[in-house]
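With the UniProt record's numbering, the residue at position 220 of the sequence shown is 220, and numbering never jumps. Single-structure report; data block below.
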Amino acid sequence: MSLSSSGARLRVLAAALTFSIGGAGIKACQLTSWQVASFRSGIAAVTLLLILPEARRGWNARAALVGIAYATTVTLFVLANKLTTSANTIFLQSTAPLYILLLSPWLLREPIRARDVLVMAVVVLGMSLLFVGTERRYATAPDPFHGNILATLSGLSWAFTLMGLRWMGRNEGAGSAAPAVVIGNLIAFFVGLPFALPVIGARPLDWAIVGGLGTIQIGVAYVFLTAGMRHVRALEASMLLLLEPVLNPVWSWLIHGEKPRAWSLVGGAVILGGTLVKTWLDSREGRTKESTMAA
Numbered sequence: 001m002s003l004s005s006s007g008a009r010l011r012v013l014a015a016a017l018t019f020s021i022g023g024a025g026i027k028a029c030q031l032t033s034w035q036v037a038s039f040r041s042g043i044a045a046v047t048l049l050l051i052l053p054e055a056r057r058g059w060n061a062r063a064a065l066v067g068i069a070y071a072t073t074v075t076l077f078v079l080a081n082k083l084t085t086s087a088n089t090i091f092l093q094s095t096a097p098l099y100i101l102l103l104s105p106w107l108l109r110e111p112i113r114a115r116d117v118l119v120m121a122v123v124v125l126g127m128s129l130l131f132v133g134t135e136r137r138y139a140t141a142p143d144p145f146h147g148n149i150l151a152t153l154s155g156l157s158w159a160f161t162l163m164g165l166r167w168m169g170r171n172e173g174a175g176s177a178a179p180a181v182v183i184g185n186l187i188a189f190f191v192g193l194p195f196a197l198p199v200i201g202a203r204p205l206d207w208a209i210v211g212g213l214g215t216i217q218i219g220v221a222y223v224f225l226t227a228g229m230r231h232v233r234a235l236e237a238s239m240l241l242l243l244e245p246v247l248n249p250v251w252s253w254l255i256h257g258e259k260p261r262a263w264s265l266v267g268g269a270v271i272l273g274g275t276l277v278k279t280w281l282d283s284r285e286g287r288t289k290e291s292t293m294a295a
């Protein structure tokens, strides 16, 4: 293993670790959900513009369209985290592959294969398990039912974001994600701002938390990810990034006492396992095709 590849893997892991603090951080902040969503995204946009040169280029209609989907995702993620557990929020957002499989034949002209149907069934099973039984309420998760619905919608919007980035990549090449992410954060900031004002009774700690969420949990994490992805295969990166949904509920459990239900853990494991298997199969198929063409 070369030093550069080792460093790249560590950067991807650092991105996953940094992303994973989002749920616990959102719950620790006493600002309202709209205030956290708006201010976090505004700070993230400024951070990315300052530290990523590619974020200041390529602003066009495609980036704006993908930015709308991204803005919806990050906003719903915050709103859901304020209502339900971190575990359910991140696991339900991780159902994005289900929607991608359903929508990609129409939006990306990519056919559904037999094994894709099996993956869809697995993800649906895992998603269903998250809604089984009565959800325990916590001070940090006061309305699990509606929070779960918002988290499910964030999975759908995340699917649109990923498909949009793929659509951009086909036409604009690598690096085109950065302006879409910045535009998306700006949209989330301005759309959420009317619901965020006025700010009453905010503690200095709340501003420190929301500032950290914007600069570190989104901004720095994205820098880690883009740096690492240049030297790590997509399959390996996907596997390393699974650290985020694994650690996300752990931080909320340790910091806020949110103990995920057994059904939530099983459902999350099913969703993440199905996603991992699909990624591995797709990567193996891609390598097989490359070998055939080379021969």
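All C-beta atoms in this analysis are idealised placements derived from N, C-alpha and C, irrespective of residue type, glycine included.
Do residue j and residue i have their beta-carbon atoms positioned less than 8 Å apart in this structure?
i: residue 168; j: residue 62; result: yes
i: residue 228; j: residue 15; result: yes
i: residue 26; j: residue 78; result: yes
i: residue 136; j: residue 261; result: yes
i: residue 126; j: residue 212; result: no
i: residue 129; j: residue 246; result: no
i: residue 86; j: residue 24; result: yes
i: residue 165; j: residue 177; result: yes
i: residue 281; j: residue 11; result: no
i: residue 179; j: residue 55; result: yes
i: residue 256; j: residue 140; result: yes
i: residue 88; j: residue 264; result: yes
i: residue 18; j: residue 187; result: no
i: residue 210; j: residue 13; result: no
i: residue 74; j: residue 104; result: no
Which residues does DSSP list as the beta-bridge partners of residue i?
i: residue 141; result: 138
If you follow the alpha helix (DSSP H) that residue i is in, where does it begin and where does it stop?
i: residue 59; result: Per DSSP, residue 59 belongs to no alpha helix (DSSP H) and is neither H nor E.
i: residue 247; result: 243–256
i: residue 179; result: 177–196
i: residue 317; result: Because the chain is modelled from 1 through 295, residue 317 falls outside the range shown and cannot be assessed.
i: residue 111; result: Element bounds for residue 111: n/a, residue is neither H nor E.
i: residue 52; result: It is not in any alpha helix (DSSP H) - residue 52 carries neither H nor E in the DSSP assignment.
i: residue 86; result: 86–93
i: residue 209; result: 204–212
i: residue 22; result: 22–28
Measuring alpha carbon to alpha carbon, tell me which of the options ends up nearest residue i.
i: residue 142; options: 33, 122, 22; result: 33
i: residue 69; options: 208, 159, 279, 249; result: 159
i: residue 20; options: 256, 259, 154, 218; result: 218
i: residue 189; options: 11, 76, 6; result: 76
i: residue 65; options: 205, 192, 274, 184; result: 184
i: residue 296; options: 252, 242, 253, 264; result: Residue 296 cannot be examined here, being either before or after the span of the chain that is shown, 1 to 295.
i: residue 157; options: 98, 138, 239; result: 98
i: residue 208; options: 163, 39, 8; result: 39
i: residue 82; options: 9, 238, 240, 22; result: 22
i: residue 72; options: 225, 191, 265; result: 191
i: residue 121; options: 35, 88, 102; result: 102
i: residue 8; options: 258, 52, 233; result: 233
i: residue 222; options: 193, 50, 264; result: 50
i: residue 206; options: 251, 37, 132; result: 37
i: residue 138; options: 259, 109, 52, 193; result: 259
i: residue 6; options: 53, 131, 230; result: 230
i: residue 279; options: 238, 254, 248; result: 238
i: residue 123; options: 41, 250, 155; result: 155
i: residue 52; options: 224, 193, 277; result: 224
i: residue 131; options: 146, 118, 100; result: 146
i: residue 244; options: 277, 272, 35; result: 272
i: residue 35; options: 196, 249, 254; result: 196
With a threshold of 8 Å, are at least 3 pairs of Cβ atoms found where one atom belongs to the stretch 138–158 and the other to the stretch 78–96? yes
Report yes or no: do the stretch 45–60 and the stretch 194–201 share at least 3 C-beta pairs separated by less than 8 Å? No, because fewer than three Cβ pairs between the stretch 45–60 and the stretch 194–201 fall closer than 8 Å, the two stretches do not touch.
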